[in-house]
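J.: Numbering (full-length UniProt numbering), first residue to last: 1 to 644.
Don't be surprised by glycine CBs; every beta carbon is placed ideally from N, CA and C.
#1: Less than 8 angstroms between the beta carbons of residue 456 and residue 491, yes or no?
#2: What residue range does the beta strand (DSSP E) around residue 480 cover?
#3: Would you check if there are 3 or more beta carbon pairs closer than 8 angstroms linking the region 405 to 413 to the region 371 to 385?
#4: Residue 487: buried (16+ other C-beta within 10 angstroms of its C-beta) or exposed?
#5: Check this for me: beta carbons of residue 538 and residue 497, under 8 angstroms apart or not?
#6: Count the other CB atoms within 10 Å of the CB of residue 477; is the residue buried (16 or more) or exposed (fewer)?
#7: Here's the rule I'm using: 16 or more other beta-carbon atoms within 10 Å means buried, otherwise exposed. How should residue 385 be labelled?
#8: Does the region 346 to 354 touch the region 327 to 334, meaning 3 or more C-beta pairs lie closer than 8 angstroms?
#9: For residue 80, collect the residues of the same chain with a Cβ closer than 7 angstroms to its Cβ; drop the 5 residues on either side in sequence, then sort them by chain order.
#10: Rounding to the nearest angstrom, what Cα-Cα distance links residue 164 and residue 208 in this structure?
#11: Are three or more beta carbon pairs between the region 589 to 604 and the region 630 to 639 nearer than 8 angstroms?
#12: If you follow the beta strand (DSSP E) that residue 654 is part of, which residue opens it and which one closes it?
#13: Just list the residues that DSSP pairs residue 330 with in beta bridges.
#14: Please classify residue 401 as buried or exposed, where buried requires at least 16 other C-beta atoms within 10 Å of its C-beta.
#15: How long is the line joining the alpha carbons of residue 428 and residue 127, rounded to whole angstroms?
#16: Could you tell me which residues DSSP pairs with residue 505 in its beta bridges?
#17: Does the Cβ-Cβ distance between residue 138 and residue 166 come in under 8 angstroms?
#18: Less than 8 angstroms between the CB atoms is what I'm expecting for residue 468 and residue 547, so what's the real figure, rounded?
#19: Could you tell me how far apart the beta carbons of residue 361 and residue 634 are, in whole angstroms, since I believe they sit closer than 8 angstroms?
#20: Who are the near neighbours of residue 620 in its chain, counting only those whose CB is closer than 6 angstroms to its CB and skipping five residues on each side?
#21: My understanding is that residue 379 touches residue 309, with C-beta atoms under 8 angstroms, so please give their C-beta distance in whole angstroms.
#22: Identify every run of the alpha helix (DSSP H) within the region 552 to 637, keeping only runs that are complete inside it and at least 4 residues long; order them along the chain.
#23: Cα-Cα, which of 451, 184, 439 and 324 is closest to residue 388?
#24: Taking 8 angstroms as the threshold (C-beta atoms), are residue 626 and residue 589 in contact?
#25: May I ask you to report which of helix, strand or coil DSSP gives residue 373?
#26: Could you tell me how far apart the beta carbons of residue 397 and residue 432 are, in whole angstroms, since I believe they sit closer than 8 angstroms?
#27: Report buried or exposed for residue 157, applying the criterion of at least 16 other Cβ atoms within 10 angstroms of its Cβ.
#28: Name the residue from 365, 339, 347 and 357 whose alpha carbon lies nearest to the alpha carbon of residue 375.
#29: Around the C-beta of residue 394, are 16 or more other C-beta atoms found within 10 angstroms, so that it is buried, or is it exposed?
#30: Would you kindly work out how many angstroms separate the C-alpha atoms of residue 482 and residue 304, rounded to a whole number?
#31: Go through its chain and collect everything with a Cβ distance to residue 364's Cβ below 6 angstroms, but skip five positions before and after it.
#32: Specify, as a first and last residue, the run of the alpha helix (DSSP H) that residue 425 falls within.
#33: Mind checking which residues open and close the beta strand (DSSP E) that includes residue 529?
#34: Within a Cβ cutoff of 8 angstroms, which residues of the same chain sit near residue 511, ignoring the five residues on either side of it in sequence?
#35: State the beta-bridge partners of residue 546 as determined by DSSP.
#36: Please go through the same chain and pick out, in chain order, the residues whose beta-carbon is closer than 7 angstroms to the beta-carbon of residue 312, but skip the five residues on each side of it.
Right, dumping it as structure tokens:
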């Protein structure tokens, strides 16, 4: 009897309730894996038994309430409310109860579509954030949850303020310069553009323009100035973060070890990223590394002609025109069908390549007319309203898969009507800063004349290289050639130091994951990477002609939303103007085009008067020659100009 009395002196809840929680959690986890309702029902029953053993004044009652809340969504909200009431402000687990209640309200909204639940969830997430400052283990989770719910309310109501707040919140949790940061900036820019269209608030347009260009700039700005080690560190961290950051379409699961570990690792990587960026900014001359470029400076990109940024998005698409260095941006709304249209056109072009000439000709005709209708015509109409004279140079800054389409060659469907090539001289620029840089610090005069280096690796798939380079070599003794076994990465880099101009005729390779690892295939299969050129610090680089397959765009079917092509990458290596091709040219076109191109560049007969800024007009001269020879559009539309 003594023993029995001693056992009964211990509270029954202390002995029994803990033994019920663990099997309940295991049953619930098994239900999530198998979907067996019997496991769920048994888990609920065990949690109810544990709860019954823990009265309202029990210190562990809130734990039982939280466990039971996981089992039944309808009952979960009330149980979470009770748990929250038992975890007042000041307790370490108060913010967790705020988050749990908010998540269950959001889950109930997904089932019932009652906006009241979603609104309360948003307020609870805000309250949780007020006690979870940056650095708190739950800060990223709460911020992510708030962003998701704000986005959900925007989708349901179309309320732009929610979309703007969502993107501002998520920008705050992203390391500056990371892929997530750039994506969030672009999303915020689109939301601001939508609000501008709704209420015409000028500040929204200016901020949207600045944010969108900053998002684009961040992909490239500063990388060309770093050491190889610093560049590698940032590239590796960016790749790691892109895999770790959860997809914004997925809700945050609670009490999930994998999720907590994922965010823990994300915070570690973010700290590493910020530490590296911080150390770089302490170096003399690098204080602005990955800092947003001031809006006033970005406007100087239009100092020599209009710049058109084309934003393609599933939410909305539009063009932003910067008329000159003193004007405010002009918004040109584009067709809602542009986003899907660009996908379809890109796929059509990818499928048509490799087929018969007639098939490609028909497909290209349709693509150019679609690009005219969807993008070029509304922009041309606005350029005329802005008073831009025909024959002027204009610069396109496209985004996404539009980068791989021949926008510069857009043409009306009706034969005889003039298209974009007949109206303006089109160039491209990957960012506004790169265009500004291409025009800065120009030497007043050349010491003598610019020397031209030709690089070639003829093979069975590039049969025209010998003829093409032979024609260029005949221009004069200012041309030097590196071909065959001489065309090694070391030899090319060494010669580029003393040759401001380069003509490269070989295959190109794009690395979408690490763009600066993209490369040119040289002798013996060796590769000259963009990073190699970047790190060589070419002091006098001015002009490059890339007569290489896929030198200016990637695979049409698998092109990522933000492709960095080889031609654009070379501009970041210091080349002020670059000519490239969107796809492999026809065997006969390379020699003809290059002959007409350099004929224009050398039109004065004096090498000292050759100017890289003439390259856009020289490209137009080459295209005119091909068009006069009745060369079909799918062949001459391949050639593009990038830069100053």
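T.: Reading from the atomic positions:
#1: Translated into positions along the chain shown, residue 456 becomes position 456. Translated into positions along the chain shown, residue 491 becomes position 491. Contact flag unset, no.
#2: The residue labelled residue 480 in the question sits at position 480 within the chain shown. Its beta strand (DSSP E) spans residues 479 to 483.
#3: Taking a cut-off of 8 angstroms for Cβ pairs, the region 405 to 413 and the region 371 to 385 touch, as three or more such pairs fall below it.
#4: Residue numbering aside, residue 487 sits at position 487 when the chain shown is read from its first letter. With 16 or more other Cβ atoms within 10 Å, it is buried.
#5: For this step, residue 538 is matched to residue 538 along the chain shown. For this step, residue 497 is matched to residue 497 along the chain shown. Taking C-beta atoms as the reference points, residue 538 and residue 497 count as a pair closer than 8 angstroms.
#6: Locating residue 477 in the chain shown gives position 477, where the first residue counts as 1. That one is exposed.
#7: For the purposes of this step, residue 385 is identified with residue 385 of the chain shown, where counting begins at 1. Flag for residue 385 reads exposed.
#8: Between the region 327 to 334 and the region 346 to 354 there are fewer than three C-beta pairs closer than 8 angstroms, too few to call the two in contact.
#9: Numbered from its first residue, the chain shown carries residue 80 at position 80. Here residue 80 has 69, 97, 100, 101 and 104 as same chain residues with Cβ atoms under 7 angstroms from its own Cβ, once five neighbours each way along the sequence are excluded.
#10: One-based indexing of the chain shown puts residue 164 at position 164. One-based indexing of the chain shown puts residue 208 at position 208. Going from the Cα of residue 164 to the Cα of residue 208 covers about 11 angstroms.
#11: Because the criterion of three Cβ pairs below 8 angstroms is met, the region 589 to 604 and the region 630 to 639 touch.
#12: Lying before the first or after the last residue shown, residue 654 is absent from the chain, which here runs from 1 to 644.
#13: Within the chain shown, the letter at position 330 stands for residue 330. In DSSP, residue 330 forms a bridge with 321.
#14: Taking the first residue of the chain shown as 1, we reach residue 401 at position 401. Looking at its Cβ environment, which holds 16 or more other Cβ atoms inside 10 Å, residue 401 is buried.
#15: Against the chain shown, residue 428 aligns to sequence position 428. Against the chain shown, residue 127 aligns to sequence position 127. The straight-line gap from Cα to Cα measures roughly 47 angstroms.
#16: Here residue 505 corresponds to residue number 505 of the chain shown, with the count starting at 1. 456, per the DSSP bridge assignment.
#17: Stepping through the chain shown from its first residue, residue 138 is reached at position 138. Stepping through the chain shown from its first residue, residue 166 is reached at position 166. No, Cβ-Cβ distance for residue 138 and residue 166 is not below 8 angstroms.
#18: Taking the chain shown and counting its residues from 1, the one referred to as residue 468 is at position 468. Taking the chain shown and counting its residues from 1, the one referred to as residue 547 is at position 547. Beta-carbon to beta-carbon, residue 468 and residue 547 are separated by about 6 angstroms, close enough to satisfy the 8 angstroms threshold.
#19: For the purposes of this step, residue 361 is identified with residue 361 of the chain shown, where counting begins at 1. For the purposes of this step, residue 634 is identified with residue 634 of the chain shown, where counting begins at 1. Right, their Cβ atoms sit about 6 angstroms apart.
#20: For this step, residue 620 is matched to residue 620 along the chain shown. Excluding positions up to five away in sequence, the list reads 425.
#21: If you number the chain shown from 1, residue 379 lands on position 379. If you number the chain shown from 1, residue 309 lands on position 309. Residue 379 to residue 309, Cβ: 11 angstroms. No contact.
#22: You should have 566 to 572, 589 to 601, 615 to 628 and 633 to 636.
#23: Within the chain shown, numbered from 1, the residue matching residue 388 stands at position 388. Measuring from the Cα of residue 388, the nearest candidate turns out to be 324.
#24: Residue numbering aside, residue 589 sits at position 589 when the chain shown is read from its first letter. Residue numbering aside, residue 626 sits at position 626 when the chain shown is read from its first letter. Closer than 8 angstroms, so yes.
#25: Within the chain shown, residue 373 is the residue found at index 373, counting from 1. Of the three classes helix, strand and coil, the one that applies to residue 373 here is helix, per DSSP.
#26: As a working note, residue 397 is residue 397 in the chain shown. As a working note, residue 432 is residue 432 in the chain shown. Yes, they are in contact, since the Cβ atoms of residue 397 and residue 432 sit about 7 angstroms apart, within 8 angstroms.
#27: Taking the chain shown and counting its residues from 1, one reaches residue 157 at position 157. Per the 10 Å Cβ criterion, exposed.
#28: Sequence index remark: in the chain shown, residue 375 carries index 375 (1-based). With distances taken between CA atoms, residue 375 lies nearest to 339 out of 365, 339, 347 and 357.
#29: Position 394 of the chain shown, counted from the first residue, corresponds to residue 394. Residue 394 should be labelled buried.
#30: If you number the chain shown from 1, residue 482 lands on position 482. If you number the chain shown from 1, residue 304 lands on position 304. When rounded, the distance between both Cα atoms is 35 angstroms.
#31: Sequence index remark: in the chain shown, residue 364 carries index 364 (1-based). Within the same chain, 633 and 634 come within 6 angstroms of residue 364 by CB-CB distance, once the 5 residues on both sides are set aside.
#32: By one-based count along the chain shown, residue 425 stands at place 425. Run containing residue 425: none in the alpha helix (DSSP H); it sits in the beta strand (DSSP E), 425 to 428.
#33: Walking along the chain shown from the start, residue 529 turns up at place 529. Residues 527 to 529.
#34: Your numbering for residue 511 matches position 511 in the chain shown. Same-chain partners within the cutoff: 517, 518 and 519.
#35: If you number the chain shown from 1, residue 546 lands on position 546. Note: residue 546 sits in a beta bridge opposite 504.
#36: Here residue 312 refers to the residue found at position 312 when the chain shown is read from its first residue. Correct list, in chain order: 338, 339, 342, 399, 400 and 402.
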